[in-house]
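Asks: Below you will find the structure I want to go over with you.
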Amino acid sequence: MSTRPTLLVIAHGSRDPRHAATVSALCARARKLRPELRVEVGHLDFNAPRVPRVLERLSADGVRNVVALPLLLTRAFHAKSDIPAVLREAAARLPLLSIHQAEVLGPSPLLTGALERRLAEAGLRPGERRSTGVVLASAGSSDPEAIAVIAEIAREWRRTAEWCAVRPAFASASLPRTADAVRELRADGCKRVAVAPYVIAPGFLPDRIAAGAREARADILAPVLGDAPELARLLLRRYDQAVRAHARGDMTTVSTMSALTA
437 MSTRPTLLVI AHGSRDPRHA ATVSALCARA RKLRPELRVE VGHLDFNAPR VPRVLERLSA
497 DGVRNVVALP LLLTRAFHAK SDIPAVLREA AARLPLLSIH QAEVLGPSPL LTGALERRLA
557 EAGLRPGERR STGVVLASAG SSDPEAIAVI AEIAREWRRT AEWCAVRPAF ASASLPRTAD
617 AVRELRADGC KRVAVAPYVI APGFLPDRIA AGAREARADI LAPVLGDAPE LARLLLRRYD
677 QAVRAHARGD MTTVSTMSAL TA
């Protein structure tokens with residue numbers, strides 16, 4: 437058996453079947469990039485298998501080290517509270533299993549690269565950037581840290597990609613909504629407006645983002661990030677960072693690393 441830790445990708449889960457299918461496709465892409473690595477998926481809610489059951493199976497298989505990677509774009513409630521609690525409970529029941537929580541996926545240039553890929557797939561041409569305003573539409577959060585991160589990503593993306601403007605928007609918990617951000621960009625003089633969903637998988641909130649884009653007549657609506665190659669590479673990068681941090685002694689069992697922006 438390999439001595440490399442198993443990668444457990446922790447997804448939130450959804451009643452929408454597209455969510456689990458997208459997570460499965462993303463993990464399949466990661467496995468193709470690194471065939472020697474065991475990659476498993478566990479869900480917090482709605483879908484099977486749930487995280488505790490996956491950890492029980494891994495322990496029964498003789499796995500002794502697991503890197504648990506939240507499939508999240510920001511450090512909000514799930515990354516700070518829900519997931520650590522689930523992992524602590526599992527670790528207490530499975531004393532032979534050492535579990536290490538990796539950092540969330542964002543922020544990262546790989547994510548903005550994936551956003552740009554999706555916008556191009558939706559029809560945006562490279563020469564149109566300077567005249568295009570982009571709505572960076574996320575699910576939303578009541579966590580001020582998460583909201584601040586989205587705002588900073590929007591500022592940095594506008595600077596590095598030279599968009600006409602980039603405005604954050606949120607499908608829940610925070611304002612503005614997608615439709616309002618589209619209208620604001622038009623009022624600011626952007627020739628065209630594109631909506632880039634900063635979400636991984638389809639579901640209720642991404643559908644709300646899409647509805648807002650259509651309501652305000654955005655020129656371009658990109659698909660969700662999904663199984664973009666950049667996202668699969670980022671999964672493996674966060675895994676590698678967690679493994680190295682633990683080897684250096686910078687990471688304790690079932691603990692969260694400091695923020696990563698690589």
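Numbers in this note's numbering are just positions in the sequence shown, counted from 1, shifted up by 436. Note that the Cβ used here is the ideal one computed from N, Cα and C, for glycine as well. Quick caveat, the model's predicted, so the values are computed rather than measured.
#1: Based on Cα-Cα distance, which residue from ARG565, THR596, ALA605, SER567 lies nearest to ALA584?
#2: Which word fits ALA552, buried or exposed, when buried means at least 16 other C-beta atoms lie within 10 angstroms of its C-beta?
#3: How about ARG486 and VAL475: are their beta carbons less than 8 Å apart?
#4: Note the first and the last residue of the continuous alpha helix (DSSP H) segment covering GLU581.
#5: Counting along the chain, where does the alpha helix (DSSP H) carrying THR614 start and finish?
#6: Just the C-alpha distance for PHE482 and ASP452, rounded to the nearest angstrom, thanks.
#7: Identify the residues that DSSP records as bridge partners of THR568: which are they?
#8: Could you say which of ARG603, GLU492, THR548, ALA512 lies nearest to SER534 if we only look at CA atoms?
#9: Report the residue from ALA558, ALA664, VAL660 whose alpha carbon sits nearest the alpha carbon of ALA464.
#10: I need the DSSP call for SER495, collapsed to helix, strand or coil.
#11: Does the Cβ-Cβ distance between LEU670 and LEU546 come in under 8 Å?
#12: In whole angstroms, what separates the C-alpha of ASP676 from that of ALA538?
#13: With respect to the beta strand (DSSP E) encompassing VAL445, which residues constitute its N-terminal and C-terminal limits?
#14: Let's test the definition: count the other Cβ atoms within 10 Å of the Cβ of GLY662 and tell me whether it reaches 16, buried, or not, exposed.
#15: Exposed or buried, which one is LEU611 when buried takes at least 16 other CB atoms within 10 Å?
#16: Here's the rule I'm using: 16 or more other beta-carbon atoms within 10 Å means buried, otherwise exposed. How should ASP497 be labelled?
#17: Taking 8 Å as the threshold (C-beta atoms), are ILE656 and GLY559 in contact?
#18: For ALA521, which three-state DSSP category applies?
#19: With a Cβ-Cβ cutoff of 8 Å, do ARG524 and ALA658 count as a contact?
#20: Taking the continuous alpha helix (DSSP H) assigned at PRO545, which residues delimit it?
#21: Keeping to the same chain, check which residues put their C-beta closer than 8 Å to that of PHE513; ignore five residues upstream and five downstream.
#22: Can you name the start and end residues of the beta strand (DSSP E) that VAL477 belongs to?
#23: Count the other CB atoms within 10 Å of the CB of HIS682; is the residue buried (16 or more) or exposed (fewer)?
#24: SER460 by DSSP, collapsed to three states: which one?
#25: Determine whether the beta carbon atoms of LEU700 and ALA550 lie at a separation below 8 Å.
Replies: So, from the data block:
#1: ALA605
#2: For clarity, residue 552 is Glu in the given sequence; the question names Ala instead. GLU552 is buried by the Cβ-count criterion.
#3: no
#4: 580-597
#5: 614-623
#6: 9 Å
#7: ARG628
#8: GLU492
#9: ALA664
#10: helix
#11: yes
#12: 9 Å
#13: 442-447
#14: buried
#15: exposed
#16: exposed
#17: yes
#18: helix
#19: no
#20: 545-557
#21: SER577, SER578, ASP579
#22: 475-479
#23: buried
#24: helix
#25: Shown here, the chain extends from 437 to 698; a query on residue 700 therefore has no answer.
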